[in-house]
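Residue numbers (numbering that gives the first Met the number 0), protein chains in the order written: chain A, 0 to 160; chain B, 0 to 160.
2 protein chains.
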Amino acid sequence: MKSQSAEESRIAQLCVEHGLKMTGQRRVIARVLSDADDHPDVEELYRRASALDSRISVATVYRTVRLLEEKGILERRDFGGGRARYEATEGGRHHYHLIDVDNGKVIEFEDPEHEELMRRVAERLGFDFVSMRLELFGKKRPQSQKAAKPATRSSKKGSAE
Amino acid sequence: MKSQSAEESRIAQLCVEHGLKMTGQRRVIARVLSDADDHPDVEELYRRASALDSRISVATVYRTVRLLEEKGILERRDFGGGRARYEATEGGRHHYHLIDVDNGKVIEFEDPEHEELMRRVAERLGFDFVSMRLELFGKKRPQSQKAAKPATRSSKKGSAE
DNA sequence: CTATATGCAAAGATTTTGCGGCGAA
DNA sequence: TTCGCCGCAAAATCTTTGCATATAG
Numbered sequence: 000m001k002s003q004s005a006e007e008s009r010i011a012q013l014c015v016e017h018g019l020k021m022t023g024q025r026r027v028i029a030r031v032l033s034d035a036d037d038h039p040d041v042e043e044l045y046r047r048a049s050a051l052d053s054r055i056s057v058a059t060v061y062r063t064v065r066l067l068e069e070k071g072i073l074e075r076r077d078f079g080g081g082r083a084r085y086e087a088t089e090g091g092r093h094h095y096h097l098i099d100v101d102n103g104k105v106i107e108f109e110d111p112e113h114e115e116l117m118r119r120v121a122e123r124l125g126f127d128f129v130s131m132r133l134e135l136f137g138k139k140r141p142q143s144q145k146a147a148k149p150a151t152r153s154s155k156k157g158s159a160e
Numbered sequence: 000m001k002s003q004s005a006e007e008s009r010i011a012q013l014c015v016e017h018g019l020k021m022t023g024q025r026r027v028i029a030r031v032l033s034d035a036d037d038h039p040d041v042e043e044l045y046r047r048a049s050a051l052d053s054r055i056s057v058a059t060v061y062r063t064v065r066l067l068e069e070k071g072i073l074e075r076r077d078f079g080g081g082r083a084r085y086e087a088t089e090g091g092r093h094h095y096h097l098i099d100v101d102n103g104k105v106i107e108f109e110d111p112e113h114e115e116l117m118r119r120v121a122e123r124l125g126f127d128f129v130s131m132r133l134e135l136f137g138k139k140r141p142q143s144q145k146a147a148k149p150a151t152r153s154s155k156k157g158s159a160e
């Protein structure tokens, strides 16, 4: 969802700043991550990366997301379903996730005062705030339309939201 | 959290209320869960349950926690490390978790106004609040000795907390 | 040139499931 | 008696790793 240009993607730049070698594969994965505005799991990242360059293996995707997570460039999410999902770390404001318990859809929302609140909590407990994870689960309020689909717990091929 | 008596554990009672058969194994697992004041993973639950009754298999533990989670009796947590951890759903106030990024220790904290805040967020987005998950990651502040010591307990490396 | 990365496949780790037998209600 | 539950082990997932080769810096 960002610059489709030929220049380095935002995440590729971060990789360089962190002293990582920019191989072809890594550059492609970085671009996929930079362009994503959802929360793809490894399988989905692999699919998207493969579409751009077929010389990429899943192992590399796993190694890359792991590395980027360690560097703080990526954040891992768990929305249930057993697979880790990733999204780029944001610089300033964070956003959180509301998961529709009926269909697993993820809605992002912001809450500016939230992080400040958590910083204070951390401080009160004697910690420096590093990051946070907030997931809200809700049921769509039945005001206007469609009946909720059964809460399918085993979405094998959900890909991303 | 601690009725070591011969009567049904709190969770066992909930099982009955939900129409589940109370087999010997299930009763033991229910007791282990009722007595736990940490966040055991399946392996740890299996260990504790086995100590009370050796005729229990891991498969049953997996099946049980899954069932109880579906019934809303248990909540699954993900503190990183790849394994799901469980804790009993609380009736009234909720507590949240602060994870020490340096050693993985988990500290519980409360924040009464928090749930109300989240209820309002959900409402604003057109949802009814179902539940939430909040994990805060922090680094222990080295400086001020007077920093409030966490009034909660923490854990060990391997199995639970 | 050397430290990193990668592919591939095998190994790990965690969780689920098929099936025959058992037991709670 | 009936239907749910259990143990066992195989299988399904998801993720990591050993090793030989390739390549960025």
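All C-beta atoms in this analysis are idealised placements derived from N, C-alpha and C, irrespective of residue type, glycine included. None of these values were measured; they are calculated from a predicted model.
Can you confirm whether residue i, when its beta carbon is compared against all beta carbons of chain A, has any partner nearer than 7 Å?
| i | result |
| --- | --- |
| Glu86 (chain B) | no |
| Lys104 (chain B) | no |
| Asp40 (chain B) | no |
| Phe128 (chain B) | yes |
| Gly125 (chain B) | yes |
| Leu133 (chain B) | yes |
| Asp37 (chain B) | no |
Go ahead and label residue i buried or exposed: buried means 16 or more other beta carbons lie within 10 angstroms of its beta carbon, across all protein chains shown.
| i | result |
| --- | --- |
| Ser2 (chain A) | With a pLDDT of 47 at Ser2 (chain A), under the threshold of 50, the modelled position of this residue cannot be trusted, and the question is left open. |
| Arg25 (chain B) | buried |
| Thr63 (chain B) | buried |
| Gly23 (chain A) | exposed |
| Met21 (chain B) | exposed |
| Ala121 (chain B) | buried |
| Gly173 (chain A) | With chain A running from 0 to 160 in the structure shown, residue 173 (chain A) is simply not present. |
| Ala50 (chain A) | exposed |
| Gly125 (chain B) | exposed |
| Asp36 (chain A) | exposed |
| Ala58 (chain A) | exposed |
Hey, does residue i have any beta-carbon neighbour from chain B nearer than 7 Å?
| i | result |
| --- | --- |
| Ala159 (chain A) | Any answer about Ala159 (chain A) is weak, because its pLDDT of 44 lies below 50 and its placement is not dependable; what the coordinates show is given next. Output row for Ala159 (chain A): interface = no. |
| Lys70 (chain A) | no |
| Phe136 (chain A) | yes |
| Lys139 (chain A) | yes |
| Ala121 (chain A) | yes |
| Val166 (chain A) | In the structure as shown, chain A begins at 0 and stops at 160. Residue 166 (chain A) is therefore absent and cannot be evaluated. |
| Leu67 (chain A) | no |
| Met117 (chain A) | yes |
For residue i, which residues of its own chain have a beta-carbon under 7 Å away from its beta-carbon, when the five flanking residues on both sides are left out?
| i | result |
| --- | --- |
| His94 (chain A) | Glu107, Phe108, Glu109 |
| Tyr61 (chain B) | Val41 |
| Ala29 (chain A) | Ser8, Ile10, Ala11, Cys14 |
Residues in the same chain with beta-carbon distance under 6 Å from residue i, minus the five sequence neighbours each way, listed in chain order, please.
| i | result |
| --- | --- |
| Arg9 (chain B) | Ser33 |
| Leu13 (chain A) | Ile72 |
| Lys148 (chain B) | Low confidence applies here, because Lys148 (chain B) scores a pLDDT of 41, under 50, leaving its location unreliable and the question unanswered by this model. |
Can you list, in chain order, the residues of its chain with a C-beta nearer than 8 Å to that of residue i? Leave out the 5 residues immediately preceding and following it.
| i | result |
| --- | --- |
| Val100 (chain B) | Phe136, Gly137, Lys138 |
| Arg82 (chain A) | Asp40, Val41, Glu42 |
List the residues that DSSP assigns as beta-bridge partners of residue i.
| i | result |
| --- | --- |
| Ser130 (chain A) | B:Phe136 |
Would you say the stretch 63-73 of chain A touches the stretch 9-21 of chain A, given that touching needs at least three Cβ pairs under 8 Å?
yes
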